[in-house]
Amino acid sequence: MNKRKLVIVGDSAFAEIAREYFDVDTDYQVVAFAVEAAYLKQEALHGLPVVAFEQLTALYPPQEHDVFVAVVYTQLNRLRARLAGAAKDMGYRLASYVSPRAFVWRNVKLGEHVFIFEDNTVQPFVEIGNNVVLWSGNHIGHHSKLRDNIFVSSHVVISGFCDIGENAFLGVNASIANNVTVGRDNWVGPGVTLMKDTVPDSLFKAEHAEPAKVTATRFFRVDR
């Protein structure tokens, strides 16, 4: 079977991981990486060329190639959204990846340009917008809506009937209670629990645990 050729925009760790998943789990063959010319620092990555994004159509025509933008939550997801929009304007079809090791119920609605890692549970009647990343191990509860340009890290719990606004970031182990609306441009730090609706452009910081006055070895009576 002839595989569809794919260019990954980005050269970060996410780009490396995306290349692995697309090559192994899909009918795509990754043929190159691309970054904006001002950030072009290397000629190759894992044996594949790294080219200037501005030269993409000349080197990898959109008639023969698709694009995935492997950028994380930089600028509250706006960089990923901007590059995906630019690629689409160039004529490229935007690729998506849904891990065969994720549970995505049959009536879930998925937008374009999504990346869903392994061990995600996406329950019935969920709606996921465009340009959304679900890293590993999240629970997306029934009837919830994730709007465009969202990044959900790992082991996040989004309960039922939630509405997550555009450009939001949800940190590791964050929890969103039932029927909560998270405003657009919200940053929810690791381990934060939200029990009620939030307003747009809110930042919820995680509390850093402080060490106890007694040391661990003294508490457990370990001879040093």
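Going by UniProt numbering, the sequence shown opens with residue 1, and the numbers climb by one from there. Virtual Cβ for every residue (Gly too), placed ideally from N, Cα, C.
Asked, Found
"Test item: CB-CB of A70 and A18 under 9 angstroms", "yes"
"9 angstroms Cβ cutoff met for F161 and G141", "yes"
"Counterpart residues of W187 in DSSP-defined beta bridges", "F169 and L203"
"Pairwise C-alpha distance: T121 and V104", "6 angstroms"
"Inter-residue CB distance, V67 and V7 (contact presumed, cutoff 8 angstroms)", "5 angstroms"
"Beta bridge counterpart(s) of V7 as assigned by DSSP", "A32 and V67"
"Alpha carbon of S12 to alpha carbon of Q42, nearest angstrom", "12 angstroms"
"Status (buried if at least 16 other CB within 10 Å, exposed otherwise) for D201", "exposed"
"E112 - DSSP class collapsed to helix/strand/coil", "coil"
"Residues sharing a beta bridge with F151, DSSP", "V133 and F169"
"CA nearest to the CA of E207, picked from P190, T215 and V214", "P190"
"Spatially closest choice to S144 from V133, L40 and K109, by CA coordinates", "K109"
"Strand pairing of V98, partner residues [DSSP]", "I116"
"Buried/exposed call for R147, threshold 16 Cβ in 10 Å", "buried"
"Residues sharing a beta bridge with I164, DSSP", "L146 and V182"
"Exposure label - R101; buried when at least 16 CB within 10 Å", "exposed"
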